[in-house]
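Some notes on the structure that comes next.
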Amino acid sequence: MGAWQAMEEAGLTVSGIVGCSIGGLVGALIAAGMRWKELVPLAFALERSDIVRINRRAAWINGIKQESVFHDEPLKEYIDRVLPVKEWAELDIPLQVNAVNLATGSTEWFGPGADTSVSLADALYATSALPVFYPPARVAGKILVDGGTDHSFPLERAAELGATGIVAVDVGSAGGADAPRVVSKGMLAIHHRVVGIMSWMRRMERIESWHGPPLLLVRPRLDGFDTFEFDQTRYFLEEGYRATRSALMAGLTT
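Once you know that position 114 of the sequence shown is 116 in the working numbering, the rest is easy, because the numbers rise by one and skip nothing.
If you want it as structure tokens, here you go:
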């Protein structure tokens, strides 16, 4: 959201948005026409209870057979509540989001130019269904998980859709972390860190081998932060703004 503020102030014209996981939801809000001044109050109002409810059965004997540690209802209800539109056709800016098919391992794309038979809200839950944390999405006869499982940085998709320049906001942490702190938080934190390492390596490979349209890479300083740190909202917004403004001032690079 801080990144969107910097882009609005710079007068950038956005012709399309491609996003996954939480980036898909933020992208949908922007695509629906929300300005940064409308998004900021949403960010500060978000509380853990809005999207997190513990699946207590996961702590029972044989709880490891549960699909996830959190229930899916709070996140689904939150998506429905904050979306200002309900249909793909109501978006002001074309949007595509992705999820990974648990059966085939392939990436499924949703939105104009891809599959619009799945509702906008269902697609946004699917792209945000972080494995272990949230249950997989069941849509159109498929079982889907977080799009970042494969394409956490979908530069190629943006190029395929005709982008002539790409502003890529990388909200994943880089290679460094406080390992003792991670371990002290338990198995979920360890799992999330391992997934983050693999995702970071894939992102670096894509960036280093990029030969597509001009790329403006925005990388906020997020090392050491977890996904669910709701008390750091101000920092996330300010750092997103700072990193994007700095990148814009440096200009497009390839």
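All C-beta atoms, glycine included, are put in the ideal place defined by N, C-alpha and C.
*Look at P86 and M36 and say whether their C-beta atoms are less than 8 Å apart.*
Contact: yes.
*For L97 versus A30, is the C-beta spacing smaller than 8 Å?*
yes
*Express the C-alpha separation of I63 and M3 in angstroms, rounding to a whole number.*
41 Å
*M206 to E49 span [Cα, whole Å]*: For the pair M206 and E49, the Cα-to-Cα distance works out to about 32 Å.
*asked:* Check for me: the beta strand (DSSP E) holding G21 runs from which residue to which?
replied: 19-21
*L14 by DSSP, collapsed to three states: which one?*
coil
*Might you give, ordered along the chain, the residues of its own chain that have their beta carbon closer than 8 Å to the beta carbon of W111, omitting 5 neighbours on each side?*
Q98, V99, N100, D117, R159
_Supposed close pair V71, V134 - CB separation, criterion 8 Å_ = 6 Å
_Of the listed residues G18, D152, Y80, nearest to D124 (C-alpha basis)_ = Y80
*Cβ atoms of T109 and V102: under 8 Å apart, would you say?*
Result yes, Cβ atoms of V102 and T109 sit closer than 8 Å.
*Put M209 into one of helix, strand or coil per three-state DSSP.*
In the sequence as presented, Met is not what sits at residue 209; that position holds Ile. Here I209 sits in helix by DSSP.
*asked:* T166 and P222 - do their beta-carbons sit closer together than 8 Å?
replied: Cβ atoms of P222 and T166: not closer than 8 Å.
*Closer than 7 Å: is that where the CB of E10 sits relative to any heavy atom of the ligand MG?*
Judged by which ligands are present, the structure shown has none, so any question about the ligand MG falls away.
*Below 8 Å between beta carbons: does that hold for Y257 and L77?*
In the structure displayed, the chain extends from 3 to 256; residue 257 sits before or after that span and is not available.
*Could you check which residue in L239, F155, F227 has the C-alpha nearest to that of M200?*
F155
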